[in-house]
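Below is one structure, written out as C-alpha coordinates; comments come after it.
Residue numbers (our numbering): 158 to 249.
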(Lines of atoms letter the chains of each structure in order from A and count residues from 1; the text may use other names and numbers.)
(Lines give C-alpha, C1' and ligand atoms only; values in the text may rest on other atoms or scores of the structure.)
Protein backbone atom coordinates (compact mmCIF):
# COMPACT_ATOMS: atom_id res chain seq x y z
CA UNK A 1 0.00 0.00 0.00
CA UNK A 2 1.20 3.51 -0.82
CA UNK A 3 1.42 6.26 1.78
CA UNK A 4 -1.08 9.12 1.67
CA UNK A 5 0.29 12.43 0.51
CA UNK A 6 -0.24 15.51 2.66
CA UNK A 7 -2.28 18.39 1.26
CA UNK A 8 0.97 20.34 0.77
CA UNK A 9 2.54 17.43 -1.14
CA UNK A 10 -0.55 17.14 -3.34
CA UNK A 11 -0.59 20.89 -4.04
CA UNK A 12 3.10 20.82 -4.97
CA UNK A 13 2.64 17.80 -7.25
CA UNK A 14 -0.40 19.33 -8.96
CA UNK A 15 1.52 22.51 -9.72
CA UNK A 16 3.31 20.42 -12.37
CA UNK A 17 0.09 18.89 -13.71
CA UNK A 18 -1.95 21.47 -15.57
CA UNK A 19 -5.73 21.31 -15.12
CA UNK A 20 -5.67 18.71 -12.32
CA UNK A 21 -7.20 19.82 -9.02
CA UNK A 22 -8.16 18.41 -5.63
CA UNK A 23 -11.69 17.08 -5.54
CA UNK A 24 -13.11 15.48 -2.37
CA UNK A 25 -9.79 13.96 -1.19
CA UNK A 26 -9.04 12.83 -4.75
CA UNK A 27 -7.58 14.50 -7.83
CA UNK A 28 -9.64 15.27 -10.91
CA UNK A 29 -9.18 16.53 -14.45
CA UNK A 30 -11.47 17.07 -17.43
CA UNK A 31 -10.33 16.76 -21.02
CA UNK A 32 -12.24 18.05 -24.05
CA UNK A 33 -11.80 16.61 -27.54
CA UNK A 34 -13.06 17.41 -31.03
CA UNK A 35 -15.58 14.56 -30.99
CA UNK A 36 -16.68 11.32 -29.36
CA UNK A 37 -14.22 9.14 -31.30
CA UNK A 38 -11.23 11.16 -30.04
CA UNK A 39 -12.57 11.01 -26.49
CA UNK A 40 -13.09 7.25 -26.71
CA UNK A 41 -9.59 6.73 -28.14
CA UNK A 42 -8.18 8.67 -25.18
CA UNK A 43 -10.09 6.45 -22.75
CA UNK A 44 -8.65 3.32 -24.36
CA UNK A 45 -5.12 4.75 -24.00
CA UNK A 46 -5.81 5.49 -20.33
CA UNK A 47 -6.98 1.90 -19.90
CA UNK A 48 -3.66 0.59 -21.20
CA UNK A 49 -1.72 2.86 -18.82
CA UNK A 50 -3.95 1.89 -15.90
CA UNK A 51 -3.48 -1.83 -16.51
CA UNK A 52 0.30 -1.47 -16.74
CA UNK A 53 0.32 0.52 -13.49
CA UNK A 54 -2.27 -1.77 -11.84
CA UNK A 55 -4.02 1.42 -10.77
CA UNK A 56 -7.47 2.19 -12.14
CA UNK A 57 -9.11 5.63 -12.35
CA UNK A 58 -12.76 6.52 -12.32
CA UNK A 59 -13.59 7.65 -15.86
CA UNK A 60 -16.71 9.42 -17.16
CA UNK A 61 -17.41 10.23 -20.78
CA UNK A 62 -20.11 12.45 -22.22
CA UNK A 63 -19.73 12.98 -25.97
CA UNK A 64 -16.39 14.82 -26.35
CA UNK A 65 -15.61 15.23 -22.64
CA UNK A 66 -13.66 12.83 -20.45
CA UNK A 67 -13.48 13.33 -16.68
CA UNK A 68 -10.96 11.39 -14.63
CA UNK A 69 -10.79 11.00 -10.86
CA UNK A 70 -7.80 9.39 -9.19
CA UNK A 71 -7.34 8.18 -5.64
CA UNK A 72 -5.81 5.14 -4.00
CA UNK A 73 -8.81 3.46 -2.42
CA UNK A 74 -6.92 1.15 -0.07
CA UNK A 75 -4.96 4.14 1.27
CA UNK A 76 -8.04 6.36 1.54
CA UNK A 77 -6.82 9.28 -0.56
CA UNK A 78 -4.14 10.56 -2.92
CA UNK A 79 -0.78 8.79 -3.12
CA UNK A 80 2.23 8.84 -5.42
CA UNK A 81 0.45 6.24 -7.57
CA UNK A 82 -2.22 8.82 -8.40
CA UNK A 83 0.28 11.55 -9.21
CA UNK A 84 2.30 9.21 -11.44
CA UNK A 85 -0.79 8.05 -13.34
CA UNK A 86 -2.04 11.64 -13.72
CA UNK A 87 1.34 12.59 -15.15
CA UNK A 88 1.28 9.66 -17.57
CA UNK A 89 -2.26 10.61 -18.66
CA UNK A 90 -1.14 14.20 -19.29
CA UNK A 91 1.67 12.86 -21.49
CA UNK A 92 -0.78 11.09 -23.83
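C-beta: ideal position from N, C-alpha, C; glycine also.
State buried or exposed for residue 170, treating a residue as buried only when at least 16 other CB atoms are found within 10 Å of its CB. Residue 170 is buried by the Cβ-count criterion.
Three-state secondary structure (DSSP) of residue 165: In the structure shown, residue 165 sits in a helix (DSSP, three-state: H, G or I).
Bridge partner(s) assigned by DSSP for residue 185: Bridge partners of residue 185: 178, 226.
May I have the straight-line CA-CA distance separating residue 181 from residue 203, to the nearest angstrom? C-alpha separation (whole angstroms): 22 Å.
Burial state of residue 192, where buried means 16 or more other Cβ atoms lie within 10 Å: Exposed, since its Cβ has fewer than 16 Cβ neighbours within 10 Å.
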